[in-house]
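Here is the structure we will look at, set down as structure tokens.
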Amino acid sequence: MNRPIPTRPCWVEISTQALEENLRFLEKLAEPHAEVLAVLKANAYGHGLAICAPAVVRAGGRWLGVNSVEEGAAARTVCPANSDRAPHILVIGGVFTGQGEAVIHHALTPVIWEPWQLDELENAARQTGIAAGSLPVHLEIDTGMSRQGVNPAEVATILARITPASPLRLEAVMTHLFAADETDGRVNAEQLARLDETLNRIELAGQFAEWLNVGSSVALLSGQARTVAGMAARHGMKAMLRPGLALYGVVPRFDPGFGPEFEAAEPEEFVAARQTLRPVLEWKSQVVGVRQVEAGATVGYKGTFVATEPMKLALVAVGYADGLDRKLGNRFSLLVRGQRAPVVGRVSMDQTVIDVTEIEGVKAGDEVVILGAQPSPVPKCEGQGAPDEERITAYDHADATGTIPWEVFTRIGARVERRAVNGRQ
Ligand SMILES: *Cc1c(COP(=O)(O)O)cnc(C)c1O
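Taking the working numbering, the leading residue of the sequence shown gets 2, the next gets one more, and so forth.
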């Protein structure tokens with residue numbers, strides 16, 4: 002028996018069409034100012050690298066970003082270096098001890114900022130005997146996030162290592178903007194000023210990089226492509242922006258906490274993005290069975306839910322081991338038959354119980370949507386004939402559990418099968 006065992010019904014559907022259209026939209030936003038690097042780290046934000054990386058390349062993507070060398074190697078197996086449209090693969094999180102050889106073997110482009118990372122790459126280059134200047138690296142500058150990157154004042158030390166005889170070639174200077182969505186743009190401006198000053202130092206050191214590589218969906222959506230491209234041009238460079246979340250069809254909130262009065266000030270790119278970008282991922286399961294319980298029945302571990310009347314409950318094949326946050330017990334709903342069914346009791350490791358008392362005809366095998374949409378049988382606006390839809394968004398999950406959509410997506414468990422689908426979602 003070589004056929005794979007069908008998985009239990011808890012899966013993710015990936016619309017590669019939505020992903021491709023989202024990329025094209027973001028590229029259009031960046032044009033003519035900047036190139037787009039598609040961020041596919043952490044298994045493509047939980048969406049599945051093996052499905053998403055080839056889709057991005059099909060849509061014309063030339064740059065992919067992953068976190069680690071091992072993610073880069075996985076991306077190379079689905080986007081081979083010797084293929085027609087082989088993309089550059091940037092290893093955003095840097096290289097670790099013993100990984101230099103794999104960087105060269107898989108033709109990856111590492112981000113560097115620590116001297117020991119240069120040691121690792123130089124040693125591997127010496128062992129494989131590659132030519133001078135044949136290993137491109139992106140030098141990250143810490144412009145204020147204090148996370149990774151070299152302090153601007155110390156950039157000369159790193160540059161001194163990248164001589165014409167070195168196997169390394171400085172292909173890009175990179176930084177991450179961490180507050181591109183703030184209201185007055187002060188932090189952002191400070192970061193960009195530090196970046197500009199660092200580019201001056203690099204020029205003074207007689208070095209040149211082709212690309213200026215700057216971060217994130219928010220940076221792109223808040224119109225930073227123009228600013229970054231302007232700076233790049235002043236230094237004879239080209240600009241590159243790195244959207245992640247927006248690629249998956251979720252528009253980050255513009256400075257959350259400011260409320261409706263701030264929405265007017267939202268940059269026009271955000272508004273356009275909200276109208277155009279489509280969610281790529283839907284997370285689904287099925288009803289395993291339906292049971293009728295009497296008033297007084299308890300549900301789940303510790304009986305945290307007690308039926309106050311006779312109820313109809315459905316068991317769903319999803320639990321916290323699949324990534325459904327345990328905090329959602331007794332305080333969230335899932336969709337079945339286009340209607341919201343409250344989660345009752347605690348979320349178990351592998352199972353969840355929902356209240357379907359008010360929903361007609363629920364039976365074993367019915368689709369349950371954990372994140373995504375179902376057509377609703379109840380039109381939401383009077384006079385509109387077409388059935389509306391009910392939708393649970395990544396922000397709904399995030400708001401209910403005190404986190405952000407990035408974490409909601411990346412928490413979806415490895416055992417949840419990722420399936421490529423193409424229809425509109
Ligand atoms: C994750 C990441 C991005 C993408 O950020 P989004 O907010 O998801 O668009 C860009 N650059 C770096 C360095 C990152 O780590």
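We treat Cβ as the ideally placed atom computed from N, Cα and C, and that holds for glycine.
Since the structure is predicted, the reported quantities are computational estimates derived from the model, not experimental observations.
Query raised in the report: Are there three or more Cβ pairs, one per stretch, closer than 8 Å when the stretch 360-371 is compared with the stretch 345-352?
Result: no
Query raised in the report: Hey, would you say the C-beta of Arg148 is under 6 Å away from at least one heavy atom of ligand 1?
Result: Counting from one through the sequence shown, the residue named residue 148 turns up at place 147. Because no heavy atom of ligand 1 lies under 6 Å away, the Cβ of Arg148 does not count as near it: no.
**Report entry** 7 Å CB neighbourhood of Val370 in its chain, flanking five on each side removed
**Finding:** Counted from its first residue, the sequence shown places residue 370 at position 369. Within the same chain, and ignoring the five residues on either side of Val370 in sequence, the residues whose Cβ sits closer than 7 Å to its Cβ are Glu283, Lys285, Leu335, Leu336, Ile393.
**Report entry** Own chain partners of Phe179 with C-beta closer than 6 Å, once the 5 adjacent residues on each side are dropped
**Finding:** In the sequence shown, the residue the question calls residue 179 occupies position 178. Cβ within range, chain order: Met146.
Query raised in the report: From what residue to what residue does the beta strand (DSSP E) around Gly373 run?
Result: Counting from 1 along the sequence shown, the entry for residue 373 is found at position 372. Gly373 -> beta strand (DSSP E) spans 368-376.
Requested in this report: Report buried or exposed for Ile6, applying the criterion of at least 16 other Cβ atoms within 10 angstroms of its Cβ.
Outcome: Position 5 of the sequence shown, counting from 1, holds the residue named residue 6. With fewer than 16 other Cβ atoms within 10 Å, it is exposed.
Query raised in the report: Is DSSP giving His139 helix, strand or coil here?
Result: Taking the sequence shown and counting its residues from 1, the one referred to as residue 139 is at position 138. Residue state, collapsed to three classes: strand.
Query raised in the report: Among residues of its own chain, excluding the 5 on either side of Met312, which ones have a beta-carbon nearer than 7 Å to its beta-carbon?
Result: In the sequence shown, counting from the first residue as 1, residue 312 sits at position 311. Within the same chain, Met312 has close Cβ partners Val294, Asp356, Thr358.
Query - Cβ-based neighbour list, Glu390, same chain, cut-off 8 Å, excluding 5 preceding and 5 following - result: Mapped onto the sequence shown, residue 390 falls at position 389. Closer than 8 Å at Cβ, skipping near neighbours: Gly339, Ala374, Gln375, Pro376, Ser377.
Query raised in the report: What's the C-alpha gap between Gln149 and Asp120?
Result: The sequence position of residue 149 within the sequence shown is 148, counting from 1. The sequence position of residue 120 within the sequence shown is 119, counting from 1. Going by the C-alpha atoms only, they are around 17 Å apart.
Query raised in the report: To which residues does DSSP link Phe255 through a beta bridge?
Result: As a first step, residue 255 is located in the sequence shown; it is residue number 254 there, counting from the start. None; Phe255 has no bridge partner.
Query - Neighbourhood of Ala315 by C-beta distance below 6 Å, restricted to the same chain and skipping five residues each side - result: Against the sequence shown, residue 315 aligns to sequence position 314. Closer than 6 Å at Cβ, skipping near neighbours: Val288, Val291, Ile355, Val357, Val363.
Query raised in the report: In chain order, what residues of the same chain lie with their CB nearer than 6 Å to the CB of Glu14, ignoring the 5 residues before and after it?
Result: Position 13 of the sequence shown, counting from 1, holds the residue named residue 14. Apart from the 5 residues on each side of it in sequence, Glu14 sits with its Cβ closer than 6 Å to the Cβ of Glu283, Arg420, Val422 in its chain, given in chain order.
Query - Backbone secondary structure at Gln426 - three-state DSSP - result: The sequence position of residue 426 within the sequence shown is 425, counting from 1. Note that Gln426 scores 46 on pLDDT, short of 50, meaning its location in the model is unreliable; the coordinates nonetheless yield the value given after this. The answer is coil: DSSP assigns Gln426 none of H, G, I, E or B.
Query raised in the report: Got a sec, what are the start and stop residues for the beta strand (DSSP E) Asn214 sits in?
Result: Position 213 of the sequence shown, counted from the first residue, corresponds to residue 214. Per DSSP, Asn214 belongs to the beta strand (DSSP E) from 212-216.
Query raised in the report: Since Leu38 and Ala54 are thought to touch, with beta carbons under 8 Å apart, how far apart are those beta carbons, to the nearest angstrom?
Result: On the sequence shown, residue 38 is found 37 positions in, with the first residue counted as 1. On the sequence shown, residue 54 is found 53 positions in, with the first residue counted as 1. Leu38 to Ala54, Cβ: 13 Å. No contact.
Query raised in the report: Which stretch, first to last residue, makes up the alpha helix (DSSP H) that contains Val58?
Result: Position 57 of the sequence shown, counted from the start, is the residue given in the question as residue 58. Residues 50-59.
Query raised in the report: Within 10 angstroms of its Cβ, does Leu169 collect 16 or more other Cβ (buried), or is it exposed?
Result: Taking the first residue of the sequence shown as 1, we reach residue 169 at position 168. Classification of Leu169: buried, given that the 10 Å Cβ count is 16 or more.
Requested in this report: Could you please give me the residues that DSSP links to Gln208 through a beta bridge?
Outcome: As a position in the sequence shown, residue 208 is number 207, starting the count at 1. Answer is none; Gln208 lacks a bridge partner.
**Report entry** 6 Å Cβ shell around Asp197 - same chain, five flanking residues per side excluded
**Finding:** Looking up residue 197 in the sequence shown gives position 196. Annotation for Asp197: Met232 place their beta carbon closer than 6 Å to its own, counting only its chain and skipping 5 residues before and after.
Report task. Could you tell me the boundaries of the beta strand (DSSP E) in which His391 lies? Result -> Looking up residue 391 in the sequence shown gives position 390. This sequence places Glu at residue 391; His is not what is there. Note, Glu391: beta strand (DSSP E), 390-393.
Query raised in the report: Is Val188 near ligand 3, going by C-beta to nearest heavy atom under 6 Å?
Result: Of the ligands one can find in the structure shown, namely ligand 1, none is ligand 3.
Report task. Can you tell me which of Ala210, Arg202, Leu248, Glu211 puts its alpha carbon nearest to the alpha carbon of Phe410? Result -> Here the question's residue 410 lines up with position 409 in the sequence shown. Ranking Ala210, Arg202, Leu248, Glu211 by Cα distance to Phe410 puts Leu248 first.
Requested in this report: Select from Leu30, Glu211, Arg195 the residue whose C-alpha is nearest the C-alpha of Leu222.
Outcome: Against the sequence shown, residue 222 aligns to sequence position 221. Nearest option by C-alpha distance: Leu30.
Query raised in the report: Should Arg227 go down as buried or exposed, given a rule of 16 or more other Cβ atoms within 10 Å for buried?
Result: For the purposes of this step, residue 227 is identified with residue 226 of the sequence shown, where counting begins at 1. Burial call: exposed.
Requested in this report: Tell me where the beta strand (DSSP E) around Met312 begins and ends.
Outcome: Translated into positions along the sequence shown, residue 312 becomes position 311. Residues 312-317.
Report task. With a threshold of 16 other CB atoms inside 10 Å of the CB of Gly258, please say whether the residue is buried or exposed. Result -> Numbered from 1 along the sequence shown, position 257 holds the residue referred to as residue 258. Low per-residue confidence applies at Gly258: pLDDT is 48, beneath 50, and the placement is therefore not dependable, though the value from the model is reported in the following sentence. Exposed, since its Cβ has fewer than 16 Cβ neighbours within 10 Å.
Requested in this report: Within its chain, find whatever has a CB closer than 7 Å to the CB of Gly304; leave out the 5 residues flanking it on each side and keep chain order.
Outcome: In the sequence shown, residue 304 corresponds to position 303, counting from 1. Same-chain partners within the cutoff: there are none.
**Report entry** Candidates Leu140, Arg332, Phe271, Gly49: closest to Thr176 by CA position
**Finding:** Indexing the sequence shown from 1 puts residue 176 at position 175. Ranking Leu140, Arg332, Phe271, Gly49 by Cα distance to Thr176 puts Leu140 first.
Query raised in the report: Are the beta-carbon atoms of Gly73 and Leu109 separated by less than 7 Å?
Result: Within the sequence shown, numbered from 1, the residue matching residue 73 stands at position 72. Within the sequence shown, numbered from 1, the residue matching residue 109 stands at position 108. Yes.
Query raised in the report: Just to check, is the beta-carbon of Leu222 closer than 6 Å to a non-hydrogen atom of ligand 1?
Result: The residue given as residue 222 occupies position 221 in the sequence shown. False, no ligand heavy atom lies under 6 Å from that Cβ.
Query raised in the report: For ligand 1, is there a heavy atom less than 6 Å away from the beta-carbon of His177?
Result: Within the sequence shown, numbered from 1, the residue matching residue 177 stands at position 176. Because some heavy atom of ligand 1 lies under 6 Å away, the Cβ of His177 counts as near it: yes.
Query raised in the report: Just curious, the alpha helix (DSSP H) that Met175 is in, first and last residue?
Result: Position 174 of the sequence shown, counting from 1, holds the residue named residue 175. Going by DSSP, Met175 is part of no alpha helix (DSSP H) but of the beta strand (DSSP E) stretching over 169-176.
Query raised in the report: Hey, quick one: how far does the beta strand (DSSP E) through Ile131 stretch, first residue to last?
Result: As a working note, residue 131 is residue 130 in the sequence shown. That residue, Ile131, is in no beta strand (DSSP E); it is neither H nor E in DSSP.
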